[in-house]
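Enquirer: Sharing a structure, written as structure tokens. Questions coming.
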Amino acid sequence: MILPIVAYGDPVLKRKATDITEDYPKLDALVDNMFETMYNAYGVGLAAPQIGLPIRMFLVDTTPFADDEELTEEEQKSLEGFKRVFINPKITKEEGEDWAFNEGCLSIPDVREDVFRKPVITIEYLDENFKAHTETFDGLVARVIQHEYDHIEGVLFTDKLSSLKKRLIKGRLSNISKGKIKVDYRMRFPDQKKKR
Ligand SMILES: [Zn+2]
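Residue 171 in the working numbering is what sits at position 171 of the sequence shown, and the numbering runs on without skipping anything.
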């Protein structure tokens with residue numbers, strides 16, 4: 001089932017999400033629905049707050065990035081089929097020198113900006129079967145995980161921009177909250193005027 005994606009301006013996107021337990025109701029269905037919702041919107045990651053749930057869970061499938069011909073064959077291979085569910089994750093280490101990547105977000109359609117992040121991360125998490133893992137990722141895989149991880153911390157990529165950039169996109173962000181945008185997937189807008 002395709003779920004509506006929460007748009008910029010909804011308080012759930014600003015909230016620090018909470019851990020879940022193994023008995024979380026209908027977790028399998030939630031994971032399936034979130035993947036379906038993400039693929040339908042051509043996303044590479046989706047965090048639970050983006051469908052209105054303030055829980056520490058996100059999923060990632062970087063396969064669409066593997067087509068980028070500017071990447072090395074090794075990079076393409078690391079992106080192809082990288083599909084994971086991260087539950088109660090904790091980034092324990094971020095290393096290396098900040099690098100810029102032009103990020104976008106399914107909750108903020110049509111806005112893309114360069115965001116600086118560290119290239120190598122170590123993350124502890126539970127998978128969809130509540131099996132614990134500790135792994136180190138780099139490059140675009142790390143980038144997508146960092147972006148999604150921010151969502152469960154209540155942080156959006158637009159929060160990381162310079163104050164000048166923030167001023168420049170303010171009007172567009174406010175239009176997104178009001179639903180004054182064209183988007184080809186289901187969304188829920190916090191400031192949309194109710195139609196009678
Ligand atoms: Zn996002």
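Glycine residues also receive a C-beta, built at the ideal position from the N, C-alpha and C atoms.
1) Thinking just about the alpha-carbon of each residue, which of ILE51, ASN33, ALA17, GLU124 is nearest to the one in LEU106?
2) Please report the straight-line C-alpha distance between LYS182 and LEU3, rounded to a whole angstrom.
3) Comparing the CB of GLY139 with every heavy atom of ligand 3, is any distance shorter than 8 Å?
4) Is any heavy atom of ligand 1 found at a distance shorter than 8 Å from the C-beta of GLN50?
5) For LYS193, I'd like the list of residues in its chain whose CB is within less than 8 Å of its CB, leaving aside the five on either flank, ordered along the chain.
6) Would the C-beta of ALA47 count as close to ligand 1, meaning under 8 Å from any of its heavy atoms?
7) Compute the beta-carbon to beta-carbon distance between THR18 and PRO54, rounded to the nearest angstrom, for a pair I have assumed lies under 8 Å.
8) Please confirm whether ILE152 and GLU113 have their CB atoms less than 9 Å apart.
9) Alpha carbon to alpha carbon, what distance is there between GLN76 and LEU59?
10) Quick check: what's the CA-CA separation for GLU22 versus ARG167?
11) Who are TYR42's beta bridge partners in DSSP?
12) Flag this pair as yes or no: are the beta carbons of GLU36 and PHE86 separated by less than 9 Å?
13) So is ARG56 buried or exposed if we call it buried at 16+ other beta carbons inside 10 Å?
14) Do VAL111 and PRO49 have their C-beta atoms within less than 9 Å of each other?
15) DSSP on LEU164, reduced to helix/strand/coil?
16) Say yes only if the C-beta of ASN107 is nearer than 8 Å to one or more non-hydrogen atoms of ligand 1, and no if none qualify.
17) Under three-state DSSP, which class holds ALA7?
18) For THR134, which of helix, strand or coil comes out of DSSP?
19) DSSP three-state call for VAL31: helix, strand or coil?
Expert: With the structure as the only source:
1) Within the sequence shown, numbered from 1, the residue matching residue 106 stands at position 106. Selected option, being the one with the closest Cα: ILE51.
2) For the purposes of this step, residue 182 is taken as residue 182 along the sequence shown, with counting starting at 1. For the purposes of this step, residue 3 is taken as residue 3 along the sequence shown, with counting starting at 1. Cα to Cα, LYS182 sits roughly 18 Å from LEU3.
3) Among the ligands in the structure shown, ligand 3 does not appear; only ligand 1 can be found there.
4) Position 50 of the sequence shown, counted from the start, is the residue given in the question as residue 50. Flag set: Cβ of GLN50 near ligand 1.
5) For the purposes of this step, residue 193 is identified with residue 193 of the sequence shown, where counting begins at 1. Scanning its chain for C-beta atoms nearer than 8 Å, with the 5 sequence neighbours on each side dropped, one finds around LYS193 the residues LYS178, in chain order.
6) Translated into positions along the sequence shown, residue 47 becomes position 47. Indeed, a heavy atom of ligand 1 lies less than 8 Å from the Cβ.
7) Translated into the one-based positions of the sequence shown, residue 18 becomes position 18. Translated into the one-based positions of the sequence shown, residue 54 becomes position 54. Their Cβ separation, rounded to whole angstroms, is 6 Å, which keeps THR18 and PRO54 in contact under 8 Å.
8) To locate residue 152, count along the sequence shown from 1; it is residue 152. To locate residue 113, count along the sequence shown from 1; it is residue 113. No, these two residues do not count as a Cβ contact at 9 Å.
9) Locating residue 59 in the sequence shown gives position 59, where the first residue counts as 1. Locating residue 76 in the sequence shown gives position 76, where the first residue counts as 1. Taking the straight line from one Cα to the other gives about 19 Å.
10) Position 22 of the sequence shown holds residue 22. Position 167 of the sequence shown holds residue 167. C-alpha separation (whole angstroms): 43 Å.
11) Within the sequence shown, residue 42 is the residue found at index 42, counting from 1. Answer is none; TYR42 lacks a bridge partner.
12) Sequence index remark: in the sequence shown, residue 36 carries index 36 (1-based). Sequence index remark: in the sequence shown, residue 86 carries index 86 (1-based). With respect to PHE86, GLU36 sits apart: the two C-beta atoms are not nearer than 9 Å.
13) If you number the sequence shown from 1, residue 56 lands on position 56. So ARG56 ends up on the buried side.
14) Within the sequence shown, numbered from 1, the residue matching residue 111 stands at position 111. Within the sequence shown, numbered from 1, the residue matching residue 49 stands at position 49. Contact: no.
15) Locating residue 164 in the sequence shown gives position 164, counting from the first residue. DSSP places LEU164 in helix when its eight states are reduced to three.
16) Mapped onto the sequence shown, residue 107 falls at position 107. Checking the sequence, you will find Ser at residue 107 rather than Asn. For ligand 1, at least one heavy atom lies less than 8 Å from the Cβ of SER107.
17) By 1-based counting over the sequence shown, the position of residue 7 is 7. Coil.
18) Your numbering for residue 134 matches position 134 in the sequence shown. Look at THR134 here: in three-state DSSP terms it is strand.
19) Translated into the one-based positions of the sequence shown, residue 31 becomes position 31. In the three-state reduction of the DSSP assignment, VAL31 falls in the helix class.
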